Amino acid sequence: MREVFERAVNGESFTAIAKDLNNRSITRCLGGKWNSQRIRDLLSNEKYLGNALLQKKYRNNQLEKKLIHNDCQLPKYYAEGTHDAIVDEELFAKAQGILNELATRRETLKKPTLSAFSGMIVCDNCGAKYKRTTSKGKHAWQCQTFLTQGKAFCPSRQIPEEEIYRLATEVLKLDEFDEDILHSKIKNIRAKNNCTLLFYFTDGTEVSKNWVPRTRKNSWTDKMRECARQRALNQKGIV
Numbered sequence: 026m027r028e029v030f031e032r033a034v035n036g037e038s039f040t041a042i043a044k045d046l047n048n049r050s051i052t053r054c055l056g057g058k059w060n061s062q063r064i065r066d067l068l069s070n071e072k073y074l075g076n077a078l079l080q081k082k083y084r085n086n087q088l089e090k091k092l093i094h095n096d097c098q099l100p101k102y103y104a105e106g107t108h109d110a111i112v113d114e115e116l117f118a119k120a121q122g123i124l125n126e127l128a129t130r131r132e133t134l135k136k137p138t139l140s141a142f143s144g145m146i147v148c149d150n151c152g153a154k155y156k157r158t159t160s161k162g163k164h165a166w167q168c169q170t171f172l173t174q175g176k177a178f179c180p181s182r183q184i185p186e187e188e189i190y191r192l193a194t195e196v197l198k199l200d201e202f203d204e205d206i207l208h209s210k211i212k213n214i215r216a217k218n219n220c221t222l223l224f225y226f227t228d229g230t231e232v233s234k235n236w237v238p239r240t241r242k243n244s245w246t247d248k249m250r251e252c253a254r255q256r257a258l259n260q261k262g263i264v
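If you want my numbering, it's the 1-based position in the sequence shown plus 25.
Shown next as structure tokens:
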């Protein structure tokens, strides 16, 4: 299966390789179709390098004799040169590099995108935590009840993230936002429906701040308003 190693090292996807092998009616060693996971298993198999990792599996007992994967229950033994190699060490090492890169990428994708305010903002309506959302590159925070069940269950408002950062900086009396100071001084933040954030300090004090809704009216510039006025006049035939 040197071909698989070479194609993977040259950048071809595991899915494409598996599909091609199946189309060519090339089965796995013990039969069966190929898929991306089987390609991944092949590339990580030391047997193609001429070596063998012994005791990957073991029998659970002498009565059932069930074959179980050895996840550190018993020692494993790595034996070199047990048979003829199919790929050389350089090609095998390059394949391991690709596998490690893919594994790192998967772990990165699994990790949630955290914010300084993760787990800190509580909805005043239903008591649920606020969750960070992203739309068109802009971040905002919304009650989880609203997100999962809708406005009928919680009519809370979405809060632009820049407003939370701005108010937190003001409340902490800082020149610029500092996440460490936030976590050391603020216990949690309660979001009220009247565009108000209530900051609860660890020393027991509270500070209330109003935030500005991200509405179309607030986002318009004077030039945009003038263009809209001209369009309205043209439609009425005044200009």
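By construction, the Cβ of each residue, glycine as well, lies at the ideal position given by its N, Cα and C atoms.
All values derive from a computational prediction rather than experimental measurement.
9 angstroms Cβ cutoff met for residue i and residue j
i: residue 142; j: residue 131; result: no
i: residue 30; j: residue 117; result: yes
i: residue 147; j: residue 196; result: no
i: residue 80; j: residue 102; result: yes
i: residue 76; j: residue 105; result: yes
i: residue 150; j: residue 235; result: no
i: residue 114; j: residue 74; result: yes
Three-state secondary structure assigned by DSSP to residue i
i: residue 94; result: strand
i: residue 160; result: strand
i: residue 40; result: helix
i: residue 84; result: strand
i: residue 60; result: coil
i: residue 29; result: helix
i: residue 235; result: strand
i: residue 241; result: Because the pLDDT at residue 241 is just 49, under 50, the model does not fix this residue reliably, and the point stays unresolved.
i: residue 264; result: Residue confidence is low: residue 264 scores 48 on pLDDT, short of 50, so the model does not pin down where it sits. No coordinate-derived value is stated.
Alpha-carbon to alpha-carbon, residue j and residue i
i: residue 82; j: residue 33; result: 27 angstroms
i: residue 87; j: residue 212; result: 58 angstroms
i: residue 202; j: residue 119; result: 44 angstroms
i: residue 226; j: residue 166; result: 20 angstroms
i: residue 161; j: residue 207; result: 27 angstroms
i: residue 96; j: residue 47; result: 31 angstroms
i: residue 112; j: residue 28; result: 9 angstroms
i: residue 216; j: residue 194; result: 16 angstroms
i: residue 242; j: residue 209; result: In this predicted model, residue 242 has a pLDDT of only 48, less than 50, meaning its place in the structure is not dependable; the value taken from the coordinates is given anyway. Their Cα atoms are separated by approximately 37 angstroms.
i: residue 264; j: residue 179; result: Confidence at residue 264 is low in this model, with a pLDDT of 48, below 50, so its placement is unreliable and the value that follows should be read with caution. Roughly 46 angstroms separates the two Cα atoms.
i: residue 159; j: residue 129; result: 24 angstroms
i: residue 185; j: residue 164; result: 7 angstroms
i: residue 100; j: residue 192; result: 57 angstroms
i: residue 183; j: residue 176; result: 11 angstroms
i: residue 54; j: residue 153; result: 53 angstroms
For residue i, the residue or residues it bridges with in DSSP
i: residue 167; result: 156
i: residue 215; result: 147 and 223
i: residue 180; result: Paired residues: none, contrary to the question.
i: residue 79; result: 102
Spatially closest choice to residue i from the options, by CA coordinates
i: residue 221; options: 41, 114, 210 and 238; result: 238
i: residue 173; options: 155, 206, 60 and 54; result: 155
i: residue 190; options: 152, 47 and 200; result: 200
i: residue 92; options: 98, 84 and 203; result: 84
i: residue 38; options: 114, 51 and 68; result: 68
i: residue 59; options: 43, 66 and 48; result: 43
i: residue 72; options: 41, 26, 94 and 95; result: 26
i: residue 187; options: 230, 66, 169 and 140; result: 140
i: residue 62; options: 236, 56 and 40; result: 40
i: residue 127; options: 65, 107 and 180; result: 65
i: residue 198; options: 224, 164, 110 and 150; result: 224
i: residue 124; options: 78, 56, 36 and 229; result: 36
Residue-chain proximity (residue i, chain C), Cβ-Cβ < 9 angstroms
i: residue 107; result: Annotation note: the requested chain C is absent from the structure, which comprises a single protein chain.
Any non-hydrogen atom of the ligand MN within 8 angstroms of residue i CB
i: residue 34; result: Among the components modelled here there is no ligand, and therefore nothing to report on the ligand MN.
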